[in-house]
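Contents: one structure, followed by commentary.
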Amino acid sequence: MLKRHYYSNAILHRIIPRFVSQSLMSASSDPFLLRSIGNRLGGDFVHRLDPVRFYNNRTGCNGLLKVCKGGKHNGFTLRSCFDSSHKKADQKARALALLHRRLLHVPREEHGGGGNTDLADGRGVGNTTRLQRNDKIVVAVDIDEVLGNFVSALNRFIADRYLSNHSVSEYHVYEFFKIWNCSRNEADIRVHEFFKTSYFKKGIHPLPGAHNTLHKLSRHCELSVVTSRQNAIKDHTLEWLDMHFPGLFKQIHFGNHFALHGESKPKSEICRSFGAEVLIDDNPRYAEECANIGMKVLLFDYENSYPWSKTESVDRHPLVTRVHNWEEVEQQILSLVVSKC
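Using our numbering, read the sequence shown as starting at -8 and increasing by one per residue.
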């Protein structure tokens, strides 16, 4: 088999000269590798792995095939990545699913080659495969209830300042005057009072998993913030982002919604202005607005705890997908990377 498929052998070693301990078959489905080397092979990399795929099927190999050290020059040795102790039928599927995670954050030393172990784009494992800038998916990220816990901090302020006690589960809409039983103008005034207090300045904390996921995705996505926050709190917002998410966002856009002064701008218009392809947002109104212009939307409903995001109409939209934590965001974004290969 090795002699008969010397051509595939040579291709792999020309593109991935020291591709140690990485599954060959996983390369045919790995979005980061395909997008990094597809242009060099004229987009035909998947088909050039067909001989390996054929060998795997013909021999009934119990797992994926891996490249090992020790073969002849421009040659490789094949072995199964599972030993006989793996009996479960889903073992292969689960192992394959972990490949993306390994590629994203396996430490350099785990591969035993230190800085000498290269991936498809010539970078060591410590610097995982990056997509070129023009290949990156452009992602717009909301702040409140997506990056940080705005409503719970605001609700504490309202209870203490106005003796108006509500649980977060009562916020069935993101129009606070309907929850507080006051006028829209009064609600806007209360929110702006909140901005002046420590409830806002020190009481909003990043949601679990947000920074870790965005840090990983920043290698393969161009991230920008699109928030409905008002211009009045722009400076503090920039400080908060710099403190908790330093260097992750290319642009920061403010919609200035529910503001006492100044014009507002729709999120769909902002997203279109810089070519955003994906929006991560908790508000179903913004989700539907952006989906209607062709954007993919991840409707963020943290641990299924956001009553204001529970809208049947938006769930029926083919471009809207509900996610419940940042791990699910990562999975959805990776699937989009795969679909663009």
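Where is the CB? At the ideal position from N, CA and C, for every residue including glycine.
All values reported here derive from a predicted model rather than from experimental measurement.
With a contact defined as Cβ atoms closer than 8 angstroms, Gly194 and Ala144 qualify at about 4 angstroms. The Cβ atoms of Phe245 and Phe185 do not sit closer than 8 angstroms to each other. DSSP places Arg313 in the uninterrupted beta strand (DSSP E) bounded by Val311 to Val314. Our two residues, Ser215 and Asp151, have alpha carbons roughly 34 angstroms apart in a direct line. CA-CA distance, Ala267 to Gln322, rounds to 19 angstroms. DSSP places Lys287 outside any alpha helix (DSSP H); the residue lies instead in the beta strand (DSSP E), whose first and last residues are Lys287 to Phe291. Only residues of its own chain outside the window of five on either side were considered, and among them Arg313 have a CB closer than 7 angstroms to the CB of Asp306, listed in chain order.
Residues of the same chain with a CB within less than 6 angstroms of the CB of His235, apart from the 5 flanking positions on each side, are Pro197 in chain order. With distances taken between CA atoms, Thr188 lies nearest to Ile224 out of Arg263, Pro199, Lys207 and Ile224. The Cβ atoms of Val164 and Asp273 lie no closer than 8 angstroms to each other.
Nearest in C-alpha terms to Lys301, of all of Ile134, Gly253 and Arg276, is Arg276. Cβ contact annotation for Lys127 (same chain, cutoff 8 angstroms, sequence separation greater than five): His211, Cys212 and Glu213, in chain order. Spatial neighbours of Ser259 in its own chain (CB-CB distance under 7 angstroms, excluding positions within 5 residues in sequence) are listed in chain order as Glu280, Cys281 and Ile284. Between Asp133 and Thr218, the CB-CB gap stays under 8 angstroms. As computed with DSSP, Cys212 is found in a beta bridge with Ile128.
Non-local C-beta neighbours of His157 in its own chain, meaning closer than 8 angstroms and more than five positions away in sequence, comprise Asn146, Ile149, Ala150, Ile170 and Trp171, ordered along the chain.
Setting aside the 5 residues that flank it on each side, Asn247 is surrounded in the same chain by Gln221, Asn222, Gly253 and Ser255, each with a C-beta closer than 6 angstroms to its C-beta; the list follows chain order. Burial check for Ile180: the Cβ neighbour count within 10 Å stays below 16, so the residue is exposed.
One thing to note: Phe291 has its Cβ no nearer than 8 angstroms to the Cβ of Val182. For Thr302, the secondary structure class from DSSP, reduced to helix, strand or coil, is coil.
By alpha-carbon distance to Ser330, the top candidate from Ser296, Lys287 and Glu303 is Lys287. When DSSP states are grouped into helix, strand and coil, Val182 belongs to the helix group. Beta bridge pairing from DSSP links Asp272 with Leu290.
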